[in-house]
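Peer 1:
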Amino acid sequence: MRTTLFLIFIGIMIAFSACRSDFNFESSTGNLGFSRDTVYLDTVFTDIGSSTYTLKVYNKSDNNISIPKVQLAKGAASKYRMTVDGMTGLDADNNGFGDGKIFDNVELLAKDSLFIFIETTANIADANPTDFLYTDQIQFGSGSNLQKVELVTLIQDAYFIFPKRNEGIYEGVDFGFDENENVTQVRGRNLEAEHPDNGNEFEWNDDKPYVVYGYAAVPTDKTLNINAGARVHFHAESGMIVQDGATLNINGLKSDTEALEKEVIFEGDRLEPFYADVPGQWGFVYLRQGSSATIDHLTLKNASVGLYVLNNTGTIKIKNTQIYDCSNVGIFAIAANITGFNVAINTAGQATFAGTVGGNYDFTHCTFNNNWASSSQVAVLLNDYLEENDVEVASNTLNANFKNCIIYGSTSVSLLFDNSRSDFNTIFDHCLIKFNDSGTTLAGNELYNFIRDEQNGNIKNQNPKFFDIQNNNLNIDETSAAKGKGKFSFSDGTLDLNGFPRIIEPSDIGAYNFSVIPED
Numbered sequence: 082m083r084t085t086l087f088l089i090f091i092g093i094m095i096a097f098s099a100c101r102s103d104f105n106f107e108s109s110t111g112n113l114g115f116s117r118d119t120v121y122l123d124t125v126f127t128d129i130g131s132s133t134y135t136l137k138v139y140n141k142s143d144n145n146i147s148i149p150k151v152q153l154a155k156g157a158a159s160k161y162r163m164t165v166d167g168m169t170g171l172d173a174d175n176n177g178f179g180d181g182k183i184f185d186n187v188e189l190l191a192k193d194s195l196f197i198f199i200e201t202t203a204n205i206a207d208a209n210p211t212d213f214l215y216t217d218q219i220q221f222g223s224g225s226n227l228q229k230v231e232l233v234t235l236i237q238d239a240y241f242i243f244p245k246r247n248e249g250i251y252e253g254v255d256f257g258f259d260e261n262e263n264v265t266q267v268r269g270r271n272l273e274a275e276h277p278d279n280g281n282e283f284e285w286n287d288d289k290p291y292v293v294y295g296y297a298a299v300p301t302d303k304t305l306n307i308n309a310g311a312r313v314h315f316h317a318e319s320g321m322i323v324q325d326g327a328t329l330n331i332n333g334l335k336s337d338t339e340a341l342e343k344e345v346i347f348e349g350d351r352l353e354p355f356y357a358d359v360p361g362q363w364g365f366v367y368l369r370q371g372s373s374a375t376i377d378h379l380t381l382k383n384a385s386v387g388l389y390v391l392n393n394t395g396t397i398k399i400k401n402t403q404i405y406d407c408s409n410v411g412i413f414a415i416a417a418n419i420t421g422f423n424v425a426i427n428t429a430g431q432a433t434f435a436g437t438v439g440g441n442y443d444f445t446h447c448t449f450n451n452n453w454a455s456s457s458q459v460a461v462l463l464n465d466y467l468e469e470n471d472v473e474v475a476s477n478t479l480n481a482n483f484k485n486c487i488i489y490g491s492t493s494v495s496l497l498f499d500n501s502r503s504d505f506n507t508i509f510d511h512c513l514i515k516f517n518d519s520g521t522t523l524a525g526n527e528l529y530n531f532i533r534d535e536q537n538g539n540i541k542n543q544n545p546k547f548f549d550i551q552n553n554n555l556n557i558d559e560t561s562a563a564k565g566k567g568k569f570s571f572s573d574g575t576l577d578l579n580g581f582p583r584i585i586e587p588s589d590i591g592a593y594n595f596s597v598i599p600e601d
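Numbering follows the working numbering, with no gaps: position 501 of the sequence shown is 582.
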């Protein structure tokens, strides 16, 4: 009896399934809908894979359909690759895997949709020589039912700097010392005067971008000149090291347009707009003990630490420089010597500027703003000692001068001192500082009396009215509290970060004059 009932049940299910229309598929008649008619894959460097882009395909009809063919027009030779609803397609080159080029009989239910994910890895030689575009099509169906979606990618040639690999082990460059004073290394390589592909790697110009994998190191007694208009892109966990006795010269110039065509720009190697302001995409520029640097008209963004400066005996000179969106610190100095003029640093995970374990720092007409989305970051941190396991292991005298500077941010206290020595010497002269210590452990700390009492022309807790913090525009507007509150003797004869003369007395505080507000 049980067997009879089971067979009857199976028969009913088979008959029911045979009547269901959603298992019947008819050939597509070319009435598919698409989320876009052209997929633009943003600029990529030659032979570097792109991000993944999405195309949605719609069946707007009341019938289940089968698309006889979904393929790239260039077939197996295409530099694009796709997955269609998770499928990788036919094995066109017989390597045992779907190649993401050609798909047969793709089924799509009535009123349903499917996703196509698209990537590319192409060489500059694959692109059109007149416009450097690499193009193809996704084709759906054939003959009179053929539908197409265009694919377009701009391929950019570049100089590539990367460590060699021998039997799976990458080249390394000196980075520091371990607890036993043994030299430690990090993946990277030294620059060369006669590199077989890049030529003289000690002169970086604007003819092609530079893409760095690992750490590009300037060896002892060598000088790297990075000239106006140069574009430098660092891969994840990559950066630059300037060794003891080496020199870095960044020779940017004032640009004439918002394209910053004469600036030197350091950023990550993802060129898609999504990555434009994502912090922490690459490592840092490390100026080791005994190195030297002059930096002019540099825009550095999206690093973990922008400039990491260690115990320099010479002075690092930084001017007309912008540092944005670092995941940790904009400038991290350890017992260093730095002068800064017209420096603007915006948004970092911990501090826009940290001068630690003492050192000598002199900043004039600089803007430090930190609106990182937390409650613990500061704009400026000054410290004169180092602790390990709650034991002080190093300390040095700190001398820090800030003149006509803005120190601001989203927290109540944007300036933090942390000292263990009595020779903790700070001068703040005509600065606008956010400092509201009510209810904090800083209340009553005499080191902050200069700002509590607004001595030396300093201003506390007044809004500088930055033009657009989210887009890293720290220009101030006409209603800014920084307008006309600076000391002219610090400004006379100088230009602001936009290149406009400071000719009005009293001066404006910060890296920018109020009168220079970009147009929409």
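Yeah, the Cβ is synthetic: ideal placement off N, Cα and C, and Gly gets one too.
Looking only at its chain, what residues have a beta carbon closer than 6 Å to the beta carbon of residue 553, apart from the 5 residues adjacent to it on each side?
Peer 2: 405, 427
Peer 1: Beta strand (DSSP E) containing residue 351: first to last residue?
Peer 2: No beta strand (DSSP E) contains residue 351, which DSSP labels as neither H nor E.
Peer 1: Residues bridged to residue 407 by DSSP?
Peer 2: 429
Peer 1: Measuring alpha carbon to alpha carbon, tell me which residue in 466, 240, 345 is nearest residue 278.
Peer 2: 240
Peer 1: Secondary structure at residue 367, three-state DSSP: helix, strand or coil?
Peer 2: strand
Peer 1: Whole-angstrom Cβ separation of residue 343 and residue 377, contact assumed at under 8 Å?
Peer 2: Actually they do not touch by this definition, with Cβ atoms about 11 Å apart.
Peer 1: With a 10 Å radius around its C-beta and 16 neighbouring C-beta atoms as the bar for buried, classify residue 599 as buried or exposed.
Peer 2: Only weak support exists for where residue 599 lies, its pLDDT of 49 falling under 50; the value from the coordinates is given anyway. Answer is exposed; the Cβ neighbour count stays below 16.
Peer 1: For residue 536, name the three-state secondary structure that DSSP assigns.
Peer 2: Residue state for residue 536 is assigned as helix, using DSSP reduced to three classes.
Peer 1: With a CB to CB cut of under 7 Å and the five nearest residues on each side skipped, what residues in its chain are close to residue 493?
Peer 2: 517.
Peer 1: Can you grab the Cα-Cα spacing for the pair residue 466 / residue 198, in whole Å?
Peer 2: 52 Å
Peer 1: Does the beta-carbon of residue 354 have 16 or more other beta-carbons within 10 angstroms, so that it is buried, or is it exposed?
Peer 2: exposed
Peer 1: Tell me which same chain residues have a C-beta within less than 7 Å of the C-beta of residue 543, skipping the five on either side of it?
Peer 2: 513, 562
Peer 1: For a quick check, are the C-beta atoms of residue 29 and residue 391 less than 9 Å apart?
Peer 2: Because the chain here runs from 82 to 601, residue 29 falls outside it and cannot be looked at.
Peer 1: Could you give the DSSP three-state label for residue 529: helix, strand or coil?
Peer 2: helix
Peer 1: Are residue 424 and residue 366 touching if we call contact CB-CB under 9 Å?
Peer 2: No.
Peer 1: Here's the rule I'm using: 16 or more other beta-carbon atoms within 10 Å means buried, otherwise exposed. How should residue 559 be labelled?
Peer 2: exposed
Peer 1: Is residue 586 close to chain C? Criterion is C-beta to C-beta, closer than 9 Å.
Peer 2: As a matter of chain content, chain C is missing from the structure shown, which is built from one protein chain.
Peer 1: Using only the alpha-carbon positions, how far apart do residue 476 and residue 459 sit?
Peer 2: 22 Å
Peer 1: Please name the residue in 555, 569, 573 whose C-alpha comes closest to that of residue 595.
Peer 2: Cα-wise, what sits closest to residue 595 is 555.
Peer 1: Per DSSP, what kind of secondary structure is residue 591 in: helix, strand or coil?
Peer 2: Residue 591: coil per DSSP, three-state reduction.
Peer 1: Which of helix, strand or coil does DSSP assign to residue 436?
Peer 2: strand
Peer 1: Under the three-state reduction of DSSP, which class applies to residue 551: helix, strand or coil?
Peer 2: helix
Peer 1: Count the other C-beta atoms from every protein chain shown that fall within 10 angstroms of the C-beta of residue 207, then say buried if there are 16 or more, exposed otherwise.
Peer 2: Label assigned to residue 207: buried.
Peer 1: Ignoring anything shorter than 3 residues or poking outside the segment 291–316, list the beta strand (DSSP E) runs there in chain order.
Peer 2: 291–293, 296–299, 304–308, 312–315
Peer 1: Specify the secondary structure class of residue 178 as computed by DSSP and reduced to three states.
Peer 2: In the three-state reduction of the DSSP assignment, residue 178 falls in the coil class, being assigned neither a helical nor a strand state.
Peer 1: Please classify residue 103: does DSSP put it in a helix, a strand, or coil?
Peer 2: Unreliable placement is indicated for residue 103, whose pLDDT of 47 sits below 50; the coordinate value is still reported in the next sentence. Residue 103: helix per DSSP, three-state reduction.
Peer 1: Return helix, strand or coil for residue 226, following the three-state DSSP convention.
Peer 2: helix
Peer 1: For residue 319, I'd like the list of residues in its chain whose CB is within less than 7 Å of its CB, leaving aside the five on either flank, ordered along the chain.
Peer 2: 293, 294, 295, 296, 363, 364, listed in sequence order.
Peer 1: How long is the line joining the alpha carbons of residue 416 and residue 481, rounded to whole angstroms?
Peer 2: 12 Å
Peer 1: Using beta-carbon positions only, say whether residue 275 and residue 306 come within less than 9 Å of one another.
Peer 2: It is not a contact, given that the beta carbons lie outside the stated cut-off.
Peer 1: Do residue 193 and residue 226 have their beta-carbon atoms positioned less than 9 Å apart in this structure?
Peer 2: In this structure, residue 193 does not lie closer than 9 Å to residue 226 by Cβ.
Peer 1: Could you please give me the residues that DSSP links to residue 276 through a beta bridge?
Peer 2: Beta-bridge pairing links residue 276 to 280.
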